[in-house]
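Peer 1: Chains A and B, in that order, are what the protein sequence lines are.
Following my numbering, the numbering of the first sequence begins with 2 at its first residue and continues without gaps.
Following my numbering, the numbering of the second sequence begins with 2 at its first residue and continues without gaps.
All C-beta atoms, glycine included, are put in the ideal place defined by N, C-alpha and C.
Could you have a look at this structure, given as structure tokens, before my questions?
There are 2 protein chains.
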Amino acid sequence: MQELLNLGAAARDAAAVLGVSSVAQRNRALEQMAQALEKNADRILEANARDLDNARKAGKSAAFVERLTLNMDRIGSMADGLRQVAALPDPLGRVLDGWKRPNGLCIEKRTVPLGVIGIIYESRPNVTADAAALCVKSGNACILRGGSDALLSNAAIADLLSGALAEVDLPAGCVCLVRNTSREAAQYLMGMREYLDVLIPRGGASLIRSVVENAKVPVIETGTGNCHVYVHAGCADLEQAVAIVVNAKTQRPSVCNAAESLLVDEVLAPSFLPMCAKALWERGVELRGCLKTQALLGPKVVAATEEDYFTEYNDLILAVKLVSGLDEAVAHIRKYGTRHSEAILTNDYAAAESFADRVDAAAVYVNASTRFTDGGEFGFGTEIGISNQKLHARGPMGLEQLTTYKYVVRGNGQVR
Amino acid sequence: MQELLNLGAAARDAAAVLGVSSVAQRNRALEQMAQALEKNADRILEANARDLDNARKAGKSAAFVERLTLNMDRIGSMADGLRQVAALPDPLGRVLDGWKRPNGLCIEKRTVPLGVIGIIYESRPNVTADAAALCVKSGNACILRGGSDALLSNAAIADLLSGALAEVDLPAGCVCLVRNTSREAAQYLMGMREYLDVLIPRGGASLIRSVVENAKVPVIETGTGNCHVYVHAGCADLEQAVAIVVNAKTQRPSVCNAAESLLVDEVLAPSFLPMCAKALWERGVELRGCLKTQALLGPKVVAATEEDYFTEYNDLILAVKLVSGLDEAVAHIRKYGTRHSEAILTNDYAAAESFADRVDAAAVYVNASTRFTDGGEFGFGTEIGISNQKLHARGPMGLEQLTTYKYVVRGNGQVR
């Protein structure tokens, strides 16, 4: 594990320099990084071709190969992403708060980088550039550990990024890539408390679970969203409600902020549910419903099991349940939800406010699709992931969420 | 482990109620809790007498017995503590930020409780009341797991607190105490991700290390402080500097914000170090120094080893090192420090600002004692501990640090 210890030491040293660099220098670094990718696209594509070749030989699925594939467009997107991050405001050195104590001490709470961030991800090589961009901008060194199938692509990208950093007099160690992609090395990395301040896993549920359960370094858990749309009796615009349900379910079913369950107030169900089901069926959505839903919509609706309500389908399937009102909807979400994104559709003021207060989730929506839980949609300009835990950051994580703070305390001889 | 699962479920249910209760109700609860302790002091003292008896029979040290001991004064302090927390501002429902997106979505970032907080602590039974107070005020249910030696005292206190909650119509499950104090139960508790949102260990280094290494629930690490006072060449008031060094080392040597090392610029050492050493020796401090320190101060100074500079003595011992200037001081602190509290004593503006920027610590002081890193001293009114990690909270943790946030997003039909 000497490779990892060397990377850890390099990243620590680099973080000390990067953490006090000016935003101008960090932005110059991002521009150099973008240019390095553009100018050396052939080198990246060559490495990627070898990864793709290995993946095909290993019999990987077409979807897997697609995720692994780079082309000029995707390299252009990575470079654009670096420049977009450069254009964002500096998250460092902001004074969050400050006050003077009766004894004269002046306390200032100021944003600073986290330090060294470990990122463990899967087969998309663009994560290498995206994650590096966010870390560099926020003054954090990063240790990137991508999937073994993308190693050659990731190495080509990471080498170009490190080289670009050196050109603006920042340490190459600001962006480190782990080249030993063994399980043991990942395990070792997750225990490197001396070198890593935080670990962020990006990928599927099993990757995230493995990191959460094995890491000794503090983790920010991203991931699972079993999101609900609740159509309340006070919903006044049923066509709008149908549009929101359709959007939340079908606009991109594979992502964590897509809706997985639809709750409908019983009194509204006869007028709402048939039109909503029609629109969903037209888009190929399978409905799994409670007995009352089946009674209303007929045999095309599969019976929903207890398991269905717990499931994040990530697919064109929607569980449906009629509820007696707000209390049952809130209780259902509390039992089955994953505290990610939850929506109520209503024109009833008291119901909207009560739902917003009582539902425990990173984002609670009134009359909008759950699909907006996203760094870009929130206006953060970008995101490193969507936190599904309560510690440190909740919901979309942009640059601000990659910082911590320090207290600077100025005195003139104070003692206790 | 059925006991723990039952406590977990009770705490989860209680948190849902407590989290949306009014601050008036939470404050009434705290007052009831204070009265319950005062009115039933005899019951607490009786339980404590049995704990003390067992501790003495088990041959525990006098210091241990002292920490375990309750009396009317200490019970009064617990009640006062509950009332002081009641008097603090509500940390919940504060709007931290808010903005409108171009598509019309109104996003509001609002403080909410973390949910269920697990607290693992050692032999001081007053922690039971102190921790419960902070959790109730911040809308969090808590599962308290104290040391086995204090079980009867803790149970008496926790029963009174739970009973008081019921009197103001809050669930007794807001304050849960684990009565199985086995190692296995602690281990199991640390893995209860379904029920606990965060774990906070309070106690000695070995307890904290054990929690950090074994927990699957997110942990806030509190603890080790290897703090430095650096006397810079530009220090203009040497008597003030001596007073600060003496205070940082001796005012309460056993705590994490006490100084463990003194760094002195070489050019200042001949005028500063002898007077500082004299003051420290008068207070019984043992000095362990580098060769140059020994040359200046003579044979009374023990030679400092590499290990000394890494050590948090928590005792009347101070490591001393002469340095060539700011850069060496910053490098030394980076190598040996634990990022807790670091001080520079100087009248040089540039040196002060550079030290504040470059030293990575929860609190960086200019011309003040490191002993101020404390919730009370920072003006938080109270504290649950001092975080020594960068995730979520850094430095003293008051009520605000026991909250997270949710986004409430109000729309009028937005879809992606």
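(1) So which residues of chain A does B:Q26 contact, with C-beta pairs closer than 9 angstroms?
(2) Taking A:Y1 and A:S342 to be in contact with their CB atoms under 8 angstroms, please state how far apart those CB atoms are, rounded to whole angstroms.
(3) Output yes if chain B places a C-beta closer than 8 angstroms to the C-beta of A:N248; else output no.
(4) Where do the ends of the alpha helix (DSSP H) carrying B:L145 lie?
(5) Measuring straight from C-alpha to C-alpha, what distance separates A:V434 and A:I158?
(6) Using three-state DSSP, classify A:P254 as helix, strand or coil.
(7) Quick check for students: name the residue ranges of the beta strand (DSSP E) that lie wholly in the stretch 79-127 of chain B, counting only runs of 3 or more.
(8) Using a Cβ-Cβ cutoff of less than 7 angstroms, which residues in the same chain neighbour B:G82 once the five nearest sequence positions on both sides are dropped?
(9) Given that a residue counts as buried once 16 or more other Cβ atoms are within 10 Å of its Cβ, and exposed if not, what is B:T251?
(10) Alpha carbon to alpha carbon, how far is B:G380 from B:P397? Give it in angstroms, no decimals.
(11) Measuring only the C-alpha atoms, how far is A:Y122 from A:I45?
(12) For A:G386, I'd like the list of residues in its chain whose CB is within less than 7 angstroms of its CB, leaving aside the five on either flank, ordered along the chain.
(13) Going by DSSP, which residues form a beta bridge with A:C228?
(14) Taking CB distances under 8 angstroms as the criterion, tell me whether B:N413 reaches chain A.
(15) Starting from A:N155, trace the alpha helix (DSSP H) both ways and give me its first and last residue.
(16) State the CB to CB distance for the pair A:L161 and A:T182, rounded to an integer number of angstroms; the pair is presumed to be in contact (CB under 8 angstroms).
(17) Report yes if the C-beta distance between A:L319 and A:H233 is below 8 angstroms; otherwise report no.
(18) Kindly say whether A:D198, judged by its beta-carbon, lies nearer than 8 angstroms to any beta-carbon of chain B.
(19) I think B:V18 touches B:P219, with their Cβ atoms under 8 angstroms apart; what is that distance to the nearest whole Å?
(20) Please classify B:Q188: is it buried, with 16 or more other beta-carbons within 10 angstroms of its beta-carbon, or exposed?
(21) Suppose contacts are defined by Cβ-Cβ distances below 8 angstroms. Is B:V128 in contact with B:G140 by that definition?
(22) Any C-beta of chain A sitting closer than 8 angstroms to the C-beta of B:H229?
(23) With distances taken Cα to Cα, identify the nearest neighbour of A:E168 among A:R395, A:Q26, A:R13.
(24) Answer yes if the stretch 355-366 of chain B comes into contact with the stretch 398-408 of chain A, meaning at least three C-beta pairs across the two stretches below 8 angstroms, and no otherwise.
(25) Quick check: the stretch 70-87 of chain B against the stretch 387-396 of chain B, are there 3 or more CB pairs under 8 angstroms?
(26) Mind pulling the chain A residues with CB within less than 7 angstroms of B:A357?
(27) Assuming A:A142 and A:M34 form a contact by the criterion Cβ under 8 angstroms, report the distance between their Cβ atoms to the nearest whole angstrom.
(28) Please state if the CB of A:C257 and the CB of A:G226 are separated by a distance shorter than 8 angstroms.
(29) Tell me, which residues are paired with B:T223 by DSSP?
(30) Reducing DSSP to helix, strand and coil, say where B:V218 ends up.
(31) On the DSSP letters alone, give me the boundaries of the alpha helix (DSSP H) that B:Q33 sits inside.
(32) State whether the stretch 281-299 of chain B contacts the stretch 326-344 of chain B, with contact taken as three or more CB pairs (one from each stretch) at a distance under 8 angstroms.
(33) List the residues of chain B that A:E283 touches, going by C-beta distances under 7 angstroms, in chain order.
(34) Name, please, each residue of chain B whose Cβ falls closer than 9 angstroms to the Cβ of A:L403.
(35) Rounded to whole angstroms, what is the Cα-Cα separation between A:K293 and A:V324?
(36) Taking the alpha carbon of B:R417 as the reference point, which residue from B:R75, B:E384, B:R102 has its own alpha carbon closest?
Peer 2: Based on what the coordinates show:
(1) Neighbours of B:Q26 on chain A: none; closest Cβ ~14 angstroms, over 9 angstroms.
(2) Because chain A spans 2 through 417 in this model, residue 1 of chain A falls outside it and cannot be assessed.
(3) Interface residue, yes.
(4) Where B:L145 is concerned, there is no enclosing alpha helix (DSSP H), although the beta strand (DSSP E) it sits in stretches over 142-146.
(5) Limits of chain A in this structure are 2 at one end and 417 at the other, which puts residue 434 of chain A out of reach.
(6) In the structure shown, A:P254 sits in coil (DSSP, three-state: anything other than H, G, I, E or B).
(7) Unbroken beta strand (DSSP E) stretches of 3 residues or longer found wholly inside the stretch 79-127 of chain B: 96-101, 107-114, 117-122, given in chain order.
(8) Result list for B:G82: A130, D131, A134, in chain order.
(9) B:T251 sits buried, since 16 or more C-beta atoms from the chains shown fall within 10 Å of its C-beta.
(10) Put simply, the backbone Cα of B:P397 is about 10 angstroms away from that of B:G380.
(11) Distance between the alpha carbons of A:Y122 and A:I45 is about 19 angstroms.
(12) Around A:G386, the same chain offers I201, R203, T223, M398 as residues with beta carbons nearer than 7 angstroms, after the five sequence neighbours per side are excluded.
(13) As a beta-bridge residue in DSSP terms, A:C228 pairs with A:A260.
(14) In terms of beta-carbon proximity, B:N413 lines the interface with chain A, with at least one pair separated by less than 8 angstroms.
(15) For A:N155, the enclosing alpha helix (DSSP H) starts and ends at 152-168.
(16) About 19 angstroms separates the two Cβ atoms, so there is no contact after all.
(17) Not in contact: A:L319 and A:H233 (Cβ atoms no closer than 8 angstroms).
(18) It does; some Cβ of chain B falls within 8 angstroms.
(19) The Cβ separation is near 23 angstroms, so there is no contact.
(20) Under a 10 Å Cβ-count criterion, B:Q188 is classified as exposed, with fewer than 16 other Cβ atoms of the shown protein chains found around its own Cβ.
(21) Their beta carbons are not under 8 angstroms apart, which means B:V128 does not touch B:G140 by this criterion.
(22) B:H229 does not count as touching chain A.
(23) Among A:R395, A:Q26, A:R13, the Cα nearest to that of A:E168 belongs to A:Q26.
(24) Yes: the two stretches touch, three or more of their Cβ pairs being nearer than 8 angstroms.
(25) Touching, no.
(26) What B:A357 touches in chain A: V409.
(27) Wrong, their Cβ atoms sit about 14 angstroms apart, outside the cutoff.
(28) Taking C-beta atoms as the reference points, A:G226 and A:C257 count as a pair closer than 8 angstroms.
(29) B:S388.
(30) In the displayed model, B:V218 falls within coil according to three-state DSSP, outside both helix and strand.
(31) Counting along the chain, B:Q33 sits inside the alpha helix (DSSP H) bounded by residues 24-40.
(32) The stretch 281-299 of chain B makes no contact with the stretch 326-344 of chain B, as fewer than three CB pairs between them are under 8 angstroms.
(33) Close to A:E283, with beta-carbon spacing below 7 angstroms, lies no residue of chain B; the smallest spacing is near 16 angstroms.
(34) Simply none; closest approach about 11 angstroms.
(35) Going from the Cα of A:K293 to the Cα of A:V324 covers about 10 angstroms.
(36) If we check each option's Cα against that of B:R417, B:R102 comes out closest.
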